[in-house]
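What follows is a short report on a single structure.
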Amino acid sequence: MHLAASLALLLMAPSACAAQDVYVKVQRQGESITVDVEATAAAPVSTAWSVFTDYDHMASFISNIKRSRVIARNGNSLEVEQSGETRVGFLHFGFAAVRAVELVPMQEIRSSLVSGDFKAYVSTTRIAATPSGVKISHHGEYVPKSWLPPLVGPAVIESETRKQFREFIVEIERRGHAARGP
1 MHLAASLALL
11 LMAPSACAAQ
21 DVYVKVQRQG
31 ESITVDVEAT
41 AAAPVSTAWS
51 VFTDYDHMAS
61 FISNIKRSRV
71 IARNGNSLEV
81 EQSGETRVGF
91 LHFGFAAVRA
101 VELVPMQEIR
111 SSLVSGDFKA
121 YVSTTRIAAT
131 PSGVKISHHG
141 EYVPKSWLPP
151 LVGPAVIESE
161 TRKQFREFIV
171 EIERRGHAAR
181 GP
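If you read the sequence shown in my numbering, its first letter stands for residue 1, the second for the next number, and so on.
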């Protein structure tokens with residue numbers, strides 16, 4: 001049993017180490033929350049793009065998303081419905097939203113709120129090639145409908161955003177390794 005656990009940790013180590021490289025900054029101004037993320041992954045742009053735009057399967061690799069699906073598609077314009085929940089200690093945050101998504105293939109994903117648990121929501125995720133893989137940059141501005149505890153709220157958002165982007169990177173690198181083969 002101990003040997004199996006050690007082997008599992010060794011096999012996971014490359015993705016786990018790479019997935020640690022996620023920078024998140026959360027700022028609160030009044031009721032508005034701004035989230036900026038910088039991350040890298042050892043995979044081609046096409047792999048990162050396929051993960052970030054895999055809305056119909058996102059719930060299988062992002063732990064706080066319970067349901068995700070494309071409900072309308074017109075070329076590079078989508079409507080995406082997502083719901084999920086986050087639990088941190090005694091706090092429980094559920095969310096549901098429909099977003100308008102505009103794709104600039106292999107470069108940028110722009111999202112804005114159509115309906116859901118926010119007063120306002122707009123974000124842009126950029127994917128760019130680097131010598132060692134990809135750089136992911138995300139900027140989002142959100143206004144939640146419900147009250148957000150002043151100190152705890154931004155800390156929870158930062159922690160959950162970091163966790164979510166680490167899960168994206170693990171999936172990107174998993175798909176990248178699978179594409180390259182053994």
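Think of the CB as a built atom: it goes at the ideal place given N, C-alpha and C, for glycine as much as any other residue.
Unbroken beta strand (DSSP E) run spanning residue 144, endpoints
133–144
For residue 172, name the three-state secondary structure that DSSP assigns.
helix
Could you check if residue 146 belongs to the surroundings of the ligand SAM, using beta carbon to heavy atom distance under 8 Å?
This structure lacks the ligand SAM, and indeed carries no ligand of any kind.
Residues in its own chain within less than 6 Å of residue 115 by CB, not counting five upstream and five downstream?
98
Residues near residue 129 by beta carbon distance below 6 Å, same chain, minus five either side:
45
Residue closest to residue 40, alpha-carbon to alpha-carbon, out of 178, 172 and 141
172
Counted within 10 angstroms of its Cβ, other Cβ atoms place residue 31 as buried (16 or more) or exposed
exposed
Round the Cβ separation of residue 123 and residue 137 to the nearest angstrom and send it over; I've been treating them as touching at under 8 Å.
Actually they do not touch by this definition, with Cβ atoms about 11 Å apart.
Run the CB neighbour count on residue 24, radius 10 Å, all protein chains shown included, and call it buried at 16 or more, exposed below.
buried
Find out if the Cβ-Cβ distance for the pair residue 53, residue 175 is shorter than 9 Å.
no
Where residue 61 sits in the DSSP three-state scheme:
coil
Do residue 64 and residue 105 count as a contact pair if the criterion is CB distance below 9 Å?
no
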